[in-house]
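Quick note, the sequences are listed as chains A and B, same order. Per our numbering, the very first residue in the first sequence carries number 283; after that it's consecutive. Per our numbering, the very first residue in the second sequence carries number 524; after that it's consecutive. Backbone N, C-alpha and C define an ideal beta-carbon position, used for all residues, glycine too. Treat the numbers as computed from the prediction; the structure is a model and nothing was measured.
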Amino acid sequence: GAVVSQHPSWVICKSGTSVKIECRSLDFQATTMFWYRQFPKQSLMLMATSNEGSKATYEQGVEKDKFLINHASLTLSTLTVTSAHPEDSSFYICSARHNSGALINTQYFGPGTRLTVL
Amino acid sequence: AQKVTQAQTEISVVEKEDVTLDCVYETRDTTYYLFWYKQPPSGELVFLIRRNSFDEQNEISGRYSWNFQKSTSSFNFTITASQVVDSAVYFCALSEPATSGTYKYIFGTGTRLKVLA
């Protein structure tokens with residue numbers, strides 16, 4: 283149990299286009315999901331906390347208008363990188379927080395999306 | 524302030540050796556959770572263990588074991604008889620419900636483990 287999927291696994295796009303990344307909890311409901319960014323050989327950097335049915339909470343320094351987050355259901359959160367530029371190229375990872383059971387409040391991670399902006 | 528320190532940036536061992544990955548944390552909360560995750564080259568973070576602050580029992584799962592010591596604010600991870608498949612980056616994380624409200628994680632910088640055949 284506790285499987286999180288992420289789609290697409292990789293994407294290459296031209297500068298100026300928008301890219302949407304989906305994160306789904308497949309076998310549990312998640313009122314809270316998280317979006318991270320990871321640079322090569324570095325730790326995960328939290329970008330925002332996505333709450334079902336309400337606005338996302340962004341970490342300091344993360345542009346809300348640049349990284350649009352929607353959490354429309356208990357199993358789906360989306361991150362849209364708007365007007366992407368080469369500096370947005372990175373590995374984006376989502377996680378879903380388990381709400382119940384023995385592992386309540388544990389985050390389960392998706393496989394990540396590698397974004398390359400040309 | 525909350526902080527997680529993984530002082531070992533990279534460790535190389537020969538297969539079948541035992542290896543311990545260190546994790547030291549800082550928190551002012553009395554209720555918190557500690558986690559270990561494995562990130563293999565594929566990139567996906569794999570959950571290994573969760574420990575809450577009121578449970579200091581050590582845990583063993585196959586070749587993996589964890590030593591939680593509140594007195595030294597440490598949550599160390601030992602792999603016994605390491606294998607090449609253990610090669611990965613390992614992250615320690617801290618979650619403080621009272622402070623963050625959303626149970627968000629504070630990650631350490633990770634330890635890259637290389638197990639050589």
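Could you pull out every residue in the same chain whose Cβ sits closer than 6 Å to the Cβ of residue i, ignoring the five residues on either side in sequence?
i        : result
Arg574/B : Leu557 and Phe591
Asn352/A : Thr360
Ile572/B : Trp559 and Trp589
Glu582/B : Trp589
Glu304/A : His289 and Thr360
For residue i, which residues from the same chain have a beta carbon less than 8 Å from its beta carbon, with the 5 sequence-adjacent residues on both sides left out?
i        : result
His380/A : Ala284, Phe310, Ala312, Ile386, Asn387, Thr388, Gln389 and Tyr390
Lys627/B : Ser618
Ile534/B : Val542, Leu544, Thr634, Arg635, Leu636 and Lys637
Phe295/A : One point to set straight first is that residue 295/A is Cys, not Phe, in the sequence displayed. Once the five neighbours on either side are set aside, the close Cβ partners of Cys295/A are Val301, Ala366, Leu397, Thr398, Val399 and Leu400.
Phe349/A : Trp317, Met329, Ala330, Tyr340, Leu361, Thr362, Val363 and Thr364
Counting only Cβ pairs nearer than 9 Å, list the residues of chain B close to residue i.
i        : result
Tyr390/A : Leu568 and Phe570
Which residues of chain B have a Cβ atom closer than 8 Å to the Cβ of residue i, listed in chain order?
i        : result
Pro393/A : Ser565, Gly566 and Glu567
For a contact defined as C-beta to C-beta under 8 Å, what are the partners of residue i on chain A?
i        : result
Lys627/B : Phe316, Leu328 and Thr331
Thr632/B : Gln324 and Ser325
Phe614/B : Ser325 and Leu326
Using a cut-off of 7 Å between C-beta atoms, extract the partners of residue i located in chain A.
i        : result
Arg573/B : Leu385 and Thr388
Tyr556/B : Asn387
Ser618/B : Asn387
With a CB to CB cut of under 7 Å and the five nearest residues on each side skipped, what residues in its chain are close to residue i?
i        : result
Tyr555/B : Ser576, Leu617, Ser618 and Glu619
Ser596/B : Val547, Tyr548 and Glu549
Ala524/B : Glu549
Thr299/A : Ala366
Asp370/A : Val363, Leu397 and Val399
Glu341/A : Leu328, Met329 and Ala330
Looking at the strands, I want to know which residues DSSP matches up with residue i.
i        : result
Val363/A : Val301/A and Phe349/A
Tyr560/B : Phe570/B and Phe614/B
Thr398/A : Ile294/A
Phe316/A : Thr331/A and Ser377/A
Arg306/A : Ser287/A and Leu358/A
Asn590/B : Asn599/B
Ile583/B : Ser588/B
Arg635/B : Glu533/B and Val612/B
Gln342/A : Its beta-bridge partners do not exist; DSSP assigns none.
Phe391/A : Ser377/A
Assuming residue i and residue j are in contact, meaning their beta carbons sit under 8 Å apart, how far apart are those beta carbons, in whole angstroms?
i        : j        : result
Thr603/B : Asp541/B : 5 Å
Leu400/A : Val293/A : Contact doesn't hold; Cβ gap of about 11 Å is too wide.
Phe321/A : Ser372/A : 6 Å
Tyr613/B : Lys561/B : 6 Å
Gly631/B : Val537/B : Not really, about 25 Å apart at Cβ, beyond 8 Å.
Ser307/A : Thr395/A : Ser307/A to Thr395/A, Cβ: 16 Å. No contact.
May I ask you to list, following chain order, the residues of the region 364-379 of chain A that have a beta carbon less than 9 Å from some beta carbon of chain B? Flagged, chain order: Phe373, Ile375, Ser377 and Arg379.
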